[in-house]
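A short worksheet on the structure shown next.
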Amino acid sequence: MTKTPAEIELLAESGRLLASVFAYLDAQPLAGLSTMQVNDLVETFIVDQLGARPASKGQYGYGFVLNSSKNEVVCHGVPSNDDILRDGDIVNFDITLEKHGYIADSSKTFCIGTVTPTAKRLVRTTYEAMWNGIRAVRPGARLGDIGFAIERHAKRNGYSVVHEYCGHGIGREMHEAPQVPHYGKPGTGLTLQTGMVFTIEPMLNQGRRTVRTEDDGWTVVTVDKKLSAQFEHTVAVTHDGVRVLTLRPDEVRLAA
Numbered sequence: 001m002t003k004t005p006a007e008i009e010l011l012a013e014s015g016r017l018l019a020s021v022f023a024y025l026d027a028q029p030l031a032g033l034s035t036m037q038v039n040d041l042v043e044t045f046i047v048d049q050l051g052a053r054p055a056s057k058g059q060y061g062y063g064f065v066l067n068s069s070k071n072e073v074v075c076h077g078v079p080s081n082d083d084i085l086r087d088g089d090i091v092n093f094d095i096t097l098e099k100h101g102y103i104a105d106s107s108k109t110f111c112i113g114t115v116t117p118t119a120k121r122l123v124r125t126t127y128e129a130m131w132n133g134i135r136a137v138r139p140g141a142r143l144g145d146i147g148f149a150i151e152r153h154a155k156r157n158g159y160s161v162v163h164e165y166c167g168h169g170i171g172r173e174m175h176e177a178p179q180v181p182h183y184g185k186p187g188t189g190l191t192l193q194t195g196m197v198f199t200i201e202p203m204l205n206q207g208r209r210t211v212r213t214e215d216d217g218w219t220v221v222t223v224d225k226k227l228s229a230q231f232e233h234t235v236a237v238t239h240d241g242v243r244v245l246t247l248r249p250d251e252v253r254l255a256a
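Reminder that position 137 of the sequence shown reads as 137 in the UniProt record's numbering, one-by-one numbering, no gaps.
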């Protein structure tokens, strides 16, 4: 379950490359593109510019390099030529990348053009909730401490946390032990140890936390059709705290 220092450095290299994918997307004019066009841009960038492998493609029979989850889609949205990003949308792109046999996983919710204040507040709160969870990571802490920090921030702001999907260990495989719930009680759950590597990826809903999977077998949506947002980072437990392996350049101050 724990990784050696050498393995963590390899994971950090994958994480650094994945962070550059999100920096690349930040610079793209996303409005007017289809989610399939974004998928193809990301695949070309990962393969041709970074010399890496998009780890999601082919995993569990999935045919694309990212999940594109727009508005009421909670997670696992499938890119499509018919799914156009328009002014006012929020969309989460969940991307994985493998380099030298090790996988990093991260996601970000993008605001397309001018979004409503209520949508912007959901996105901001979800991002803050993820960071609250990250800051709970240290040796000797418990998984319940992470989930509690996330859920407390969500509920204080009037949002619900999706329970059906969680963070996970990661390394040579995309999904390893342990599972990392985004809700919980302090002082409960697995005790964190130096060298553990896992994702923290809360999904917050504007309305009820209830979700359902659409007929394609992938796309998960809110039952009440209200908005959902998500952010994700891959983190490592260090001897004195936490290291965010997928940290983007604009986030350095948050990890200090």
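In this text, a Cβ means the ideal position worked out from N, Cα and C, and glycines have one as well.
Keep in mind the model is a prediction, meaning the values are calculated, not measured.
Problem set entry | Cα-Cα separation, LEU122 to GLY171 | Cα to Cα, the separation comes out at about 30 Å.
Problem set entry | Inter-residue spacing [alpha-carbon to alpha-carbon] between ASP48 and PHE22 | In a straight line, the C-alpha of ASP48 is about 16 Å away from that of PHE22.
For this session: Check whether the segment 217-232 touches the segment 68-87, taking contact to mean three or more Cβ pairs, one atom from each stretch, closer than 8 Å.
Result: Because the criterion of three Cβ pairs below 8 Å is met, the segment 217-232 and the segment 68-87 touch.
Problem set entry | Proximal residues to ARG208 (C-beta, below 7 Å), its chain only, five neighbours per side dropped | Spatial neighbours of ARG208 in its own chain (CB-CB distance under 7 Å, excluding positions within 5 residues in sequence) are listed in chain order as SER160, VAL223 and ASP224.
For this session: Mind the definition here: the segment 180-198 touches the segment 79-95 only if three or more C-beta pairs lie below 8 Å; say whether that holds.
Result: The segment 180-198 makes no contact with the segment 79-95: fewer than 3 CB pairs, one atom from each, lie closer than 8 Å.
Exercise. Is it the case that the Cβ atoms of SER20 and GLU98 are separated by a distance below 8 Å?
Worked result: No, the pair does not count as a contact, with Cβ atoms beyond the cut-off.
Exercise. Of the residues PHE148, ASP94, GLN37 and ALA52, which one's Cα is nearest the Cα of SER80?
Worked result: Looking at the Cα atoms, GLN37 is the closest of the given residues.
Exercise. For MET174 versus VAL74, is the C-beta distance shorter than 8 Å?
Worked result: Contact flag unset, no.
Problem set entry | Option in THR2, ALA12, GLU7 and LYS3 with minimal Cα separation from VAL244 | Measuring from the Cα of VAL244, the nearest candidate turns out to be ALA12.
Exercise. Which of helix, strand or coil does DSSP assign to GLU72?
Worked result: In the structure shown, GLU72 sits in coil (DSSP, three-state: anything other than H, G, I, E or B).
Exercise. For the ligand GDP, is there a heavy atom less than 7 Å away from the beta-carbon of LEU122?
Worked result: This structure lacks the ligand GDP; in fact it carries no ligand of any kind.
For this session: May I ask you to report which of helix, strand or coil DSSP gives ASP40?
Result: Helix at ASP40.
Exercise. Between which two residues does the beta strand (DSSP E) harbouring ASN205 extend?
Worked result: It spans 203-205 - the beta strand (DSSP E) in which ASN205 sits, taken as one unbroken run.
For this session: Could you please give me the residues that DSSP links to GLN179 through a beta bridge?
Result: GLN179 pairs with HIS168.
Exercise. Should the segment 150-158 be called in touch with the segment 124-142, which here means at least 3 C-beta pairs below 8 Å?
Worked result: Segments in contact, yes.
For this session: Provide the residue span of the alpha helix (DSSP H) that contains GLY88, from first to last.
Result: For GLY88, there is no enclosing alpha helix (DSSP H), as DSSP gives it neither H nor E.
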